[in-house]
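Quick notes on the structure that follows.
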Amino acid sequence: MRGKILDYNIQESKGVILSDNGTRYNFLVAQWKGNKAPAINQIVDFAVNGDDAEAIYLQQNEEGAKSKIVAGILALFLGGFGVHKFYLGCKTAGIIMLVLFIFGFIILGIPSLIIGIIAFIEALIYFFKSDEQFEEIYVNNKKCWF
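Okay, so the sequence shown: first residue is 0 according to numbering that gives the first Met the number 0, each after it adds one.
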């Protein structure tokens, strides 16, 4: 069965998974079969035993893996248009960047310049994060700004 981790308490070594059909299952960290510790919003595959989840395996993100290099290059060259935000699934942030960049030229280009600087900073942030940090922050947790 597939689901998403809703809650995980490292002190108590237990958590809650919400299955695709809407049922919640409790789990103990002893049932976790991944190399990385469980985290909220991770997509998992698991077996059910009553109200408990067993044999829990981390699954790839539903949207597929996103590359930090691709996101960084998009931010560097097309960042003013918010293309990197759309790539990462942050549609609202992408639309905000696109609108401010295009209509910023009406106000002497200052908003467009600011959006360009923000995109450049985000490109640097993407390049200097480790793959694991990038995946956790921008893909799993959908952090849209910096």
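Note that beta-carbon positions come from the ideal geometry of N, C-alpha and C, so glycine has one too.
Keep in mind that this is a model prediction, so the values were computed, not measured.
Pairwise C-alpha distance: residue j and residue i
{"i": "W31", "j": "E134", "result": "20 angstroms"}
{"i": "E61", "j": "I105", "result": "For E61, the predicted model reports a pLDDT of 49, less than 50, meaning its position is unreliable; a value from the coordinates is still stated below. Going by the C-alpha atoms only, they are around 40 angstroms apart."}
{"i": "I116", "j": "M96", "result": "11 angstroms"}
{"i": "R23", "j": "I42", "result": "14 angstroms"}
{"i": "D19", "j": "E53", "result": "16 angstroms"}
{"i": "F85", "j": "L27", "result": "36 angstroms"}
{"i": "G49", "j": "V69", "result": "43 angstroms"}
{"i": "R1", "j": "S12", "result": "21 angstroms"}
{"i": "S111", "j": "D51", "result": "52 angstroms"}
{"i": "K65", "j": "G108", "result": "32 angstroms"}
{"i": "K141", "j": "Q132", "result": "12 angstroms"}
{"i": "V47", "j": "Q10", "result": "24 angstroms"}
{"i": "I114", "j": "D130", "result": "25 angstroms"}
Within 7 angstroms, strictly: CB atoms of residue i and residue j
{"i": "Y125", "j": "G71", "result": "yes"}
{"i": "G103", "j": "G93", "result": "no"}
{"i": "L73", "j": "H83", "result": "yes"}
{"i": "Y137", "j": "L87", "result": "yes"}
Contacts around residue i, its chain only, beta-carbon distance under 6 angstroms, and the 5 residues preceding and following it disregarded
{"i": "N139", "result": "N40"}
{"i": "C143", "result": "C89 and A92"}
{"i": "G33", "result": "L57"}
Spatial neighbours of residue i in its chain, beta-carbon cut-off 7 angstroms, leaving aside the 5 residues before and after
{"i": "G14", "result": "I4, D6, Y7, N8, F26 and P37"}
For residue j and residue i, believed in contact at Cβ under 8 angstroms, the rounded distance
{"i": "F119", "j": "L75", "result": "7 angstroms"}
{"i": "K35", "j": "K128", "result": "Contact doesn't hold; Cβ gap of about 16 angstroms is too wide."}
Residue i - partner residues in DSSP beta bridges
{"i": "V28", "result": "DSSP, once it has assigned bridges, lists no residue as partnering V28."}
{"i": "Y56", "result": "D44"}
{"i": "D6", "result": "V15"}
Sequence-distant residues of the same chain with beta carbon closer than 8 angstroms to residue i, five excluded per side
{"i": "G21", "result": "none"}
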